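**Q**
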Amino acid sequence: MKVGIIGFGSIGKRHYENLLLHTKNIVVLSKRKDVNLPHQVENWQDFKKTGPYGGIIIANETSKHVATIKKCVALKPRALFVEKPLSHNLKDLNALVELLRKNRTSVFVGYCFHFFRPFFKIKKIIKSGKLGKIYYMRVSVGQDLKEWRPGRDYGKIYSAKKEFGGGVMLDLVHDINYPAWLLDDVLAPKRALVRKMSDLKINTEDIAENIFIAQRTGVMVSVHQDYLRIPGRRFLEIVGSKGSLMWDSSDAEDRNKMYQREINFFVGLVKSGKYFSNMEEAIRDVKNVEYLKKHGR
Numbered sequence: 003m004k005v006g007i008i009g010f011g012s013i014g015k016r017h018y019e020n021l022l023l024h025t026k027n028i029v030v031l032s033k034r035k036d037v038n039l040p041h042q043v044e045n046w047q048d049f050k051k052t053g054p055y056g057g058i059i060i061a062n063e064t065s066k067h068v069a070t071i072k073k074c075v076a077l078k079p080r081a082l083f084v085e086k087p088l089s090h091n092l093k094d095l096n097a098l099v100e101l102l103r104k105n106r107t108s109v110f111v112g113y114c115f116h117f118f119r120p121f122f123k124i125k126k127i128i129k130s131g132k133l134g135k136i137y138y139m140r141v142s143v144g145q146d147l148k149e150w151r152p153g154r155d156y157g158k159i160y161s162a163k164k165e166f167g168g169g170v171m172l173d174l175v176h177d178i179n180y181p182a183w184l185l186d187d188v189l190a191p192k193r194a195l196v197r198k199m200s201d202l203k204i205n206t207e208d209i210a211e212n213i214f215i216a217q218r219t220g221v222m223v224s225v226h227q228d229y230l231r232i233p234g235r236r237f238l239e240i241v242g243s244k245g246s247l248m249w250d251s252s253d254a255e256d257r258n259k260m261y262q263r264e265i266n267f268f269v270g271l272v273k274s275g276k277y278f279s280n281m282e283e284a285i286r287d288v289k290n291v292e293y294l295k296k297h298g299r
């Protein structure tokens, strides 16, 4: 099984290391000079020549995802793994869905918290009815952008640049996505306050307060996102008619186990050839972010 990885930032590196548990036949497309990899190419033509690939992981800048997916489909892999978010805007996404479906190319947009053991337990508790009727859910995530990715100048990474898909709403889209997954529901965006409040050297928003309503259950979901919190932290509170539940990131399993389960899922798609797509979910998240940015300033 040969797997390609496009982009070798922190998440590309993590996926590479976890893939080594399954195969050593990994080709990395990256122009980085500060890594020593057995199979690295620096341009698309060499990456193409080194195929065919059973699966390809797309971990480059968000703004390049759509164009990269189109190029990868032509290489006819069984499955694509696309890092979240799917794209920095909605342009060409519906056409992309049709292209992937026509070619029977499975695509998994990497929502890693779907593989997070504490969230498995929370989802089970919600489904059991122990909390009764769920009234509201509060979700909060804060990351210190200056220290989030050690060894890299925060002002030069995609998080800092609007044109690359940066800003807390897309960069931290996990926290817009996973509440819907926990509730087995679809979130409809209602209100938001979106701001650049700090002196960070970025041209994106660094804080957002978002309100959603779950369409099936009517649960009110508030989501806070920021690049400002020192130290970084995630927090979740669920309030129901029979009780409440609280979780925060100080009480969590080894995060890499979550990423290993995610890679296991992707490798399973490659090996089985079974068609899978969570594109509809990923497009909905981008659509929600665009709506709230437009109506939240």
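The numbering used here applies: residue 3 is where the sequence shown begins, and numbers increase by one.
Just so it is clear, CB atoms sit at the ideal spot from N, CA and C, and this is done for glycine as well.
None of the values given here were measured: they were computed from a predicted structure.
1) Can you tell me which of the three DSSP states proline 233 falls into?
2) Would glycine 169 and glutamate 207 be called neighbours here (beta carbons separated by less than 8 Å)?
3) With a threshold of 6 Å on Cβ separation, who are the neighbours of valine 175 within its own chain once the five nearest residues in sequence on each side are excluded?
4) Can you check the region 54-78 for any beta strand (DSSP E) of at least 3 residues that lies completely inside it and give the ranges in chain order?
5) Measure the alpha-carbon distance for asparagine 27 versus arginine 257 and round it to whole angstroms.
6) Which of the three DSSP states is assigned to serine 200 in this structure?
7) Can you check whether the CB of leucine 92 is closer than 8 Å to the CB of valine 196?
8) Identify whether arginine 193 lies in helix, strand or coil by the three-state DSSP scheme.
9) When you compare only the Cα positions, how much space is there between isoleucine 213 and alanine 194?
10) Using a Cβ-Cβ cut-off of 7 Å (strictly less than) and excluding sequence neighbours within five positions of phenylalanine 268, which residues of its own chain qualify?
11) To the nearest angstrom, how far is it from the Cα of threonine 219 to the Cα of leucine 101?
12) Any C-beta of chain C sitting closer than 8 Å to the C-beta of tyrosine 261?
13) In the DSSP assignment, find the alpha helix (DSSP H) that holds glutamine 47 and state where it starts and stops.
14) Does the separation of the CB atoms of tyrosine 137 and leucine 147 fall below 8 Å?
15) Considering only the alpha carbon of each residue, which of Leu230, Gly6 and Ser142 lies closest to serine 200?
16) Take every Cβ of the region 114-129, pair it with every Cβ of the region 176-188, and state whether three or more of those distances are shorter than 8 Å.
**A** Inspection of the coordinates gives the following:
1) In this structure, proline 233 counts as coil in the three-state DSSP scheme.
2) It is a contact, given that the beta carbons lie within the stated cut-off.
3) Excluding sequence neighbours, valine 175 sits near Lys86, Pro87 and Asp287.
4) Taken in chain order, the whole beta strand (DSSP E) runs of length 3 or more contained in the region 54-78 are 57-60.
5) Annotation: asparagine 27 to arginine 257 spans about 25 Å, alpha carbon to alpha carbon.
6) Coil, per DSSP.
7) Not in contact: valine 196 and leucine 92 (Cβ atoms no closer than 8 Å).
8) Residue state, collapsed to three classes: strand.
9) C-alpha separation (whole angstroms): 6 Å.
10) Once the five neighbours on either side are set aside, the close Cβ partners of phenylalanine 268 are Gly57, Ala81, Phe83 and Phe110.
11) Taking the CA atoms as reference points, threonine 219 sits about 33 Å from leucine 101.
12) The structure shown contains no chain C; it is built from a single protein chain.
13) It spans 46-51 - the alpha helix (DSSP H) in which glutamine 47 sits, taken as one unbroken run.
14) When the beta-carbon positions are compared, tyrosine 137 and leucine 147 stay at least 8 Å from each other.
15) The residue from Leu230, Gly6 and Ser142 with its alpha-carbon nearest to that of serine 200 is Leu230.
16) These segments touch.
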